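Enquirer: Quick note on numbering: our numbering labels position 180 of the sequence shown as 176, and the sequence is numbered without any gaps.
We put the CB at the ideal spot given by N, CA and C, even for glycine.
Nothing here was measured: the structure is a model prediction, and the numbers come from that model.
Before I ask anything, here is the structure I am working with.
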Amino acid sequence: MDMEGQLNLIKTGYQDVEKRIFPRFPFCFLTFKGDAHKAHAFEVVDISYTGMQLGLKSGGHTYTEGQDLKGAVHWKGRSLDVSGKVKWVSGQRLGVKFKQDVKLEENIKNFLTIDNIVKSMRPVHGHDIDMDVPSNLKYWVRADGPFEIFVWRHNDGEIARFQVIMMENYVEWHDGKGIKTGRVISKRDMDTPLILEDEIMFRVDEGVDGHKVSMANEIVTALGDGHLPTGAREFLTLKLS
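Set out below in structure tokens:
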């Protein structure tokens, strides 16, 4: 079965919202520890320049909606001090909006530079990670954040489509349809005992957002042969330029 599933389109009046299903990597190395709850290491499920979504794999927490939050985000030996407010709580997950502060904003952008992202990106394809991956998923390169590249193939092996997810930014190229861009507006676990999946909803931009395409191109261009074969990289950069 093609785990990416059928294209789902929901008319919202102004912009289309589309749904995709992607495999989800079982481990997260981007974590958050709050000053008041140092016993808990939250996984940073999503991060952007304005906020983050946190999740606990087990146990509970005492954060409540509207509560101030301070602590540090840790990623591969680097740390970022953040402060903000809890915007919502749903079981073991919570959403945080960062405090509006010029210095904090600058620190977040320095923490999430293209260089740092690429240093953290790893190929999932070709590695035995003990999880079911769709047979038509040719390449999968990722880092926490999320920063992910999914490359799907036709039955003859040629590239059929690819997606680049960069935090809340979404870029997709589809054979015969070209490029579209959008913004991720929700993410939902679709896990079964055998398969880890995320259902992602994204709002399609009315026109292609050149900034998102440029950022995707910059990431793909900075990857090496260890991430994606030269031919695949050249194909992606051609479509993104």
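Leaving out five residues before and five after Gln49 in sequence, what residues of the same chain have Cβ atoms less than 7 Å from its Cβ?
Expert: Val41, Asp42, Arg89 and Gly91
Enquirer: What residue ranges within the segment 81 to 143 form continuous alpha helix (DSSP H) runs of no fewer than 4 residues, ordered along the chain?
Expert: 98 to 107 and 110 to 116
Enquirer: So which of Asp152, Ile113 and Asn165 has the shortest CA-CA distance to Asn132?
Expert: Asp152
Enquirer: Among Asp111, Pro130, Val137 and Leu100, which has the Cα closest to the Cα of Arg118?
Expert: Val137
Enquirer: So, with DSSP's three-state summary, where would you put Asn165?
Expert: strand
Enquirer: Since Val209 contacts Val167 with CB under 8 Å, what's their CB separation in whole angstroms?
Expert: Confirmed, about 6 Å.
Enquirer: How far does the beta strand (DSSP E) with Leu192 in it reach, from first residue to last?
Expert: Here Leu192 belongs to no beta strand (DSSP E), and DSSP marks it neither H nor E.
Enquirer: Indicate whether Val180 and Glu193 have their beta-carbon atoms separated by less than 8 Å.
Expert: Not in contact: Val180 and Glu193 (Cβ atoms no closer than 8 Å).
Enquirer: Are the segment 21 to 30 and the segment 52 to 72 touching, with three or more C-beta to C-beta distances below 8 Å?
Expert: Yes, the segment 21 to 30 touches the segment 52 to 72.
Enquirer: Could you give the distance in angstroms between the alpha-carbon of Cys24 and the alpha-carbon of Ala139?
Expert: 9 Å
Enquirer: Does Ser182 come out as helix, strand or coil in the three-state DSSP assignment?
Expert: strand
Enquirer: Could you tell me whether the Cβ atoms of Pro130 and Pro19 are closer together than 8 Å?
Expert: yes
Enquirer: Going by the CB atoms, is the gap between Lys72 and Ser250 shorter than 8 Å?
Expert: Because the chain in this structure spans residues -3 to 237, residue 250 falls outside the shown range and cannot be described.
Enquirer: Let me know the secondary structure DSSP gives Val69 once reduced to three states.
Expert: Val69 falls in the strand class under three-state DSSP.
Enquirer: Could you give the first and the last residue of the continuous alpha helix (DSSP H) run that contains Val216?
Expert: Gly206 to Ala218
Enquirer: Return the CA-CA distance between Thr109 and Glu39, expressed in angstroms with no decimal places.
Expert: When rounded, the distance between both Cα atoms is 20 Å.
Enquirer: With the cut-off set at 8 Å, would you say Gly87 and Gly47 are in Cβ contact?
Expert: no
Enquirer: Would you check if the distance between the CB atom of Lys176 and the CB atom of Val200 is smaller than 8 Å?
Expert: yes
Enquirer: On the three-state DSSP scale, how would you describe Leu236?
Expert: helix
Enquirer: Would you give the residue range spanned by the beta strand (DSSP E) that Arg16 belongs to?
Expert: Asp12 to Pro19
Enquirer: In three-state DSSP terms, what is Ser154?
Expert: Note on residue identity: the sequence assigns Glu, not Ser, to residue 154. Coil, per DSSP.
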